[in-house]
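Engineer: Start counting at 1 in the sequence shown, then tack on 1161, and there's your number in the numbering used here.
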Amino acid sequence: MPKEKCRIQIATLKKKLAQAKGKAKKELLDNLQITVRNHKYCHYYEEALELSRLLTTWSLKFPKSKRILICSGGGPGIMEAANRGAYEAGGESIGLNISLPFEQNPNPYITPKFNFEFHYFYMRKLWFMYYAKALIVFPGGFGTLDELLELLTLVQTKKVHKPLLIILYGKAYWKKIIRFDEMVKTGMISKKDLELFTYADTPRTAFNYLKKELPKTLV
1162 MPKEKCRIQI ATLKKKLAQA KGKAKKELLD NLQITVRNHK YCHYYEEALE LSRLLTTWSL
1222 KFPKSKRILI CSGGGPGIME AANRGAYEAG GESIGLNISL PFEQNPNPYI TPKFNFEFHY
1282 FYMRKLWFMY YAKALIVFPG GFGTLDELLE LLTLVQTKKV HKPLLIILYG KAYWKKIIRF
1342 DEMVKTGMIS KKDLELFTYA DTPRTAFNYL KKELPKTLV
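(1) Which of the three DSSP states is assigned to residue 1308 in this structure?
(2) Taking only the alpha-carbon atoms, compute the straight-line gap between residue 1354 and residue 1310 and give it to the nearest angstrom.
(3) Is it true that the region 1223–1235 meets the region 1341–1354, where meeting means three or more beta-carbon pairs spaced less than 8 Å apart?
(4) Provide the residue(s) that pair with residue 1389 in DSSP beta bridges, ordered along the chain.
(5) Here's a check: name, in chain order, each residue in its chain whose Cβ is nearer than 8 Å to the Cβ of residue 1328, leaving out the five neighbours to either side.
(6) Give the DSSP-derived three-state secondary structure of residue 1360 in the structure shown.
(7) Let me check understanding here. Comparing Cα to Cα, which of 1203, 1316, 1177, 1337 lies closest to residue 1192?
(8) With DSSP collapsed to three states, give me the class of residue 1299.
(9) Closer than 6 Å by C-beta to residue 1209: which residues in its own chain qualify, once you throw out the five before and the five after it? Chain order, please.
(10) Take residue 1326 as the anchor and find which of 1315, 1246, 1253 has the nearest alpha-carbon.
(11) DSSP beta-bridge partners for residue 1256?
(12) Going by alpha carbons, who is nearest to residue 1272 out of 1220, 1266, 1253, 1364?
(13) Going by DSSP, what residue range makes up the alpha helix (DSSP H) through residue 1334?
(14) Identify which residue in 1172, 1257, 1345 has its Cα closest to the Cα of residue 1284.
(15) Look at the Cβ atom of residue 1205, then the Cβ atom of residue 1302, and state whether they are nearer than 8 Å.
(16) Between which two residues does the alpha helix (DSSP H) containing residue 1286 stretch?
(17) Return the chain-ordered list of same chain residues with a C-beta closer than 6 Å to the C-beta of residue 1347, the five sequence neighbours on each side being excluded.
(18) Along the chain, where does the alpha helix (DSSP H) that runs through residue 1251 open and close?
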């Protein structure tokens, strides 16, 4: 979520905590600890928004048939930031939502005609990949890992024949979560497999890489 929203949420929880007692106080304390822990990742929202805005502004200079559209999972958090960046740049964007028993509702920045809802994850992943020219992976949970690792497997095994750029955003995070170098050392993947993706730590770095490489895939 945006940094300002994080700060407001923390301040609100602290205020409630000061007045709470017993079980309610313990629950609020747990929520506060989680929110404070998550606060350090709030900058990714701002950076995803900025990267999306940069890409959309750049894409709008192309003829309509050559433009790229930002596509997200359609929900809150980083997904919202991606759609919001395109919206603020004056462009259209896609949301591939999923029906879940919790949390996932379409964010308000998706272009209405491109707001889709899926029941099955595998169909959603198929459409993520089918038209994609690039995948930018921000820190996330099981769903993010599932999408990333399946796509890496498809590219590695050449089940995907088209050029597909993959950026892992937040090098320190991804180096800690997935130890690709150790996988090479143990022989589980080859050193060449490390060329399937690249890292970026700023919106401008990611944008410059995509600005250079994407036109090669649009020919």
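Every residue, glycine too, gets a C-beta built ideally from N, C-alpha and C. None of the values given here were measured: they were computed from a predicted structure.
Structural biologist: According to the data block:
(1) helix
(2) 12 Å
(3) no
(4) The requested residue 1389 is not part of the displayed model; the chain covers only 1162 to 1380.
(5) 1295, 1296, 1297, 1298, 1358, 1359, 1360, 1361, 1367, 1370, 1371
(6) strand
(7) 1177
(8) coil
(9) The residues are 1239, 1242, 1243, 1299.
(10) Among 1315, 1246, 1253, the Cα nearest to that of residue 1326 belongs to 1315.
(11) 1233, 1276
(12) Residue 1272 has its Cα closest to that of 1253, out of 1220, 1266, 1253, 1364.
(13) 1332–1338
(14) 1257
(15) No, they are not a contact pair.
(16) Here the alpha helix (DSSP H) through residue 1286 covers 1282–1291.
(17) none
(18) Note, residue 1251: premise wrong, no alpha helix (DSSP H); not H, not E.
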